[in-house]
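Remarks on the structure that follows.
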Amino acid sequence: MADVVLQNVSKAFGATEAVKDLSLSIADGEFVALLGPTGVGKTTTLRLVAGLEIPDAGRAFIGGRDVTLEPPAARDVTFVFQQYSLYPHLTVFENLAFPLRAPTRRTPEGEIRRIVTDVARMLRIDTKLGNKATQLSGGQMQRVAIGRALVRRPAIALMDEPLSSLDAKLRSDLRVELKRIQQELRTTILYVTHDQMEAMTMADRIGVLDNGRLVQVGTPREIYENPVSAYVAGRLGQPAINLVPRALLGEWNAPFDAALVGLRTEHMQLHRRSKLRATVDGDISAKVKRIEHLGDQNHLHLAVGQHDLVMLADPALPLDAGETIDLRLENPLFFNREGLRIV
Amino acid sequence: MTSHTDPAGLVSLPEGHQRASLPRVQTGLSDRAIAWLFIGPTMALLLAINLFPLLWTIFLSFTNYRANRPNAPLWNVGFDHYVAILTDPDIWLRMQATAHFVFWTIALQTVIGFGLAYLVDRKFRGHGFWTTLILVPMMLSPAVVGNFWTFLYQPQIGLFNYVVGFFGGIAPGSFQMLGDVTLSPWAIIIVDTWMWTPYVMLICLAGLRSIPDYIYEAAEVDRASNIRQFVSITLPMCMPFIMLAILFRGIENFKMFDMVNLLTAGGPGSTTELASITLKRAAFEAWRTGYSSAFAIILFVAVFGLANIYVKTLNKVKAR
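Just so you know, the sequences run in chain order A and B.
Counting along the first sequence from 1, when you hit position 154 you're at 154 in my numbering, and nothing is skipped either side.
Counting along the second sequence from 1, when you hit position 140 you're at 140 in my numbering, and nothing is skipped either side.
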């Protein structure tokens, strides 16, 4: 376990610049998630830390040591791949013991047995130790892969969307377990995901990547509440933030250079029209287009002029499609012409 | 509403008239009949050229039939041929020669073929070109291979003798690959290995290509040395492919005839007389059709049995 620092690293594959001038430091025992859609350089960043790629520029440090040019084996890192990268002809036990049997770090057989059993119990696969890796379900296989990354107590465990190939139920279970294990072992983890839920629930800090650049790093709350740009704002929040042109809001008191307004559910107060309540100045009239019932909440699809908005609504609210309502805005996010936040 | 109108509004018919359906007439064949129609020709062909000859051979193996005397009286000899073959020490020598040939060709082809595949699998400049070049021998006809290796093995002008003589420091004419009792079994093994190693390489290459990169990357991160990666990833994951190559080559070489017949015709003496050459001689030189039928059945049962045991093992390896 150690702190990990990337200093101005860049990596290009031919003409494609996968990672551009990226700097990131991860504290000892911290869980950092890299968030971004497919192809923004998340996996490349991870592989640069692992040593599976060598950066074109910049340096990498693990525990204060410059490891930029060192091979993966010398870096004391572990890696969980998106695919189940188990050794198929070995048993679960042998798969978990594999990293401990490296010649550079001889571990006595009794010690191996103890560590493997411990980790297996933590991951709830201790009954499967004798099984062949291929005789497991997808969730079990990925647990073994995660276990293999933890048995060695690495300086940093690197995880490349380890849960993305699992079904939703299993994914949410493992999410909780992974966080629990990380806290128990105090493992430093750099975790790549495109799933905002995983990043929000597990990470101490989230790094948002856009086109090879790290655009914002912060706690999940910071990223959610104070995004630096419309792009970052769009990464977190379910339903996604509504980005509408400033002009749509009419006489709203917005900064002069605001071009886009970001509206999440908490920025909009919904009022039904009735005889008792007059429309207040500044309220925006919206038409309910469609209501999606999700059980505990509703997704409300609204039309404001030419624009569609989606917001959460209390399912108890007796709304009908076609109804016209009023929206009152409260501290929405403003972005300028370049999509950068105006505070 | 008393009438339906077609979309164009051109025809209108009173209700009930336009959907007067006729009783459906059963035309054509039933599904089952069509199925038989499709597989019939294949079945007939298989029966005629595979099953019938097999049954006929079994029948002949119990008779004194000779194909060059089709009108001679036929009588049942029971298991006489089988007993004669299985107790004949000469036949067992032929079987040993066959086993020697099969064992060494497989051993050499597997080791060299896998080695070549391992080398070619690496991405180096022009690896596609080298792969194609290595595959050339396999694409030749065994008759062509047999004939030109006869020239290569020629003691005075043969390239093989020249090269061995040059590097071994001996006179090229001092040894005869095809005429020597100890060298000739190896001469045919060398030619078969030259011709069929590419085939084994091709199958092994498919095996190596089937191993995903991330398994190696995982092993690298797990600090496995190159040797350990080879032993615990490459070899076991490639094993089903290697075993398949061995199966194919084993069955092929058990019935090897054409190439060896052209190279040595079983000689010198009968040192390279493989089972299938003995069989051909009994059948078409001595015209002992009944006897050779019995021999053919024995060989068939042997190959079939061995192949079955082998396939069972292969499935076990695959299931790991």
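Glycine included, C-beta positions come from ideal geometry on N, C-alpha and C.
| Asked | Found |
| --- | --- |
| Option in A:E111, A:N253, A:I26 with minimal Cα separation from A:I156 | A:I26 |
| B:T110 and B:I242 closer than 8 Å at C-beta | yes |
| Residue ranges of each beta strand (DSSP E) within the region 236-324 of chain A, 3 or longer | 242-245, 260-263, 268-272, 284-293, 298-304, 307-313 |
| Close-in-space but distant-in-sequence residues of the same chain around B:S293 (CB under 6 Å, 5 per side omitted) | T57, L60, S61 |
| Other residues of its chain near A:P239: CB distance less than 8 Å, five sequence neighbours each side excluded | T265, H299, V310, M311, L312 |
| B:T42, buried or exposed, once every other Cβ within 10 Å from all chains shown has been counted against 16 | exposed |
| Segments assigned beta strand (DSSP E), at least 3 residues, entirely inside the region 90-148 of chain A | none |
| Local conformation of B:V102 per DSSP, three classes | helix |
| B:D80, enclosing alpha helix (DSSP H) - first and last residue | 80-86 |
| Neighbour flag for B:P198 against chain A, beta carbons, 8 Å | no |
| Simplified DSSP state of A:N336, which is helix, strand or coil | coil |
| Enclosing beta strand (DSSP E) for A:Y191 [first to last residue] | 189-193 |
| is_contact[B:I242, chain A] using C-beta, thresh 8 Å | no |
| Bridge partners - A:L22, DSSP secondary structure assignment | A:V9 |
| Minimum C-alpha distance to A:D76 - residue among A:L24, A:R65, A:I54 | A:R65 |
| Buried versus exposed, by CB contacts within 10 Å (16 or more), B:D213 | exposed |
| Alpha carbon of B:L244 to alpha carbon of B:W194, nearest angstrom | 19 Å |
| Min CB distance A:S85 to chain B below 8 Å | yes |
| Status (buried if at least 16 other CB within 10 Å, exposed otherwise) for A:S85 | buried |
| Beta-carbon gap between A:G63 and A:N8 smaller than 8 Å | no |
| A:V32 at chain B interface by Cβ criterion, 8 Å | no |
| C-alpha gap between B:H4 and A:L319, whole angstroms | Because the pLDDT of B:H4 is 47, which lies under 50, any placement of that residue in the model is unreliable, and the number read from its coordinates should be weighed accordingly. For B:H4 and A:L319, the distance between alpha carbons rounds to 42 Å. |
| B:Q154 in three-state terms, based on DSSP | coil |
| Counted within 10 angstroms of its Cβ, other Cβ atoms place A:S229 as buried (16 or more) or exposed | buried |
| B:A72 versus B:S141: straight-line alpha-carbon distance, rounded | 39 Å |
| Identity of the residues DSSP links to A:L34 by a beta bridge | A:V192, A:G207 |
| Interface flag, A:V4 vs chain C, CB-CB below 8 Å | Given the protein chain composition of this structure (A and B), no chain C is represented. |
| Partner residues on chain B for A:H267, Cβ-Cβ distance less than 9 Å | By Cβ distance, chain B contributes nothing, its closest Cβ being about 43 Å from A:H267, past 9 Å. |
| Buried versus exposed call for B:N308 [16 or more other C-beta atoms within 10 Å across all chains shown] | exposed |
| Under 8 Å between C-beta atoms of A:S165 and A:G138 | yes |
| A:Q216 - containing beta strand (DSSP E), residue span | 213-218 |
| Proximity of B:D121 and B:R209 at Cβ, strictly below 8 Å | yes |
| Pairwise C-alpha distance: A:V215 and A:E338 | 14 Å |
| CB contact below 8 Å: B:A206 versus chain A | no |
| is_contact[B:S223, chain A] using C-beta, thresh 8 Å | The residue you asked about is not Ser; residue 223 of chain B is Arg in the sequence shown. So yes, B:R223 belongs to the interface. |
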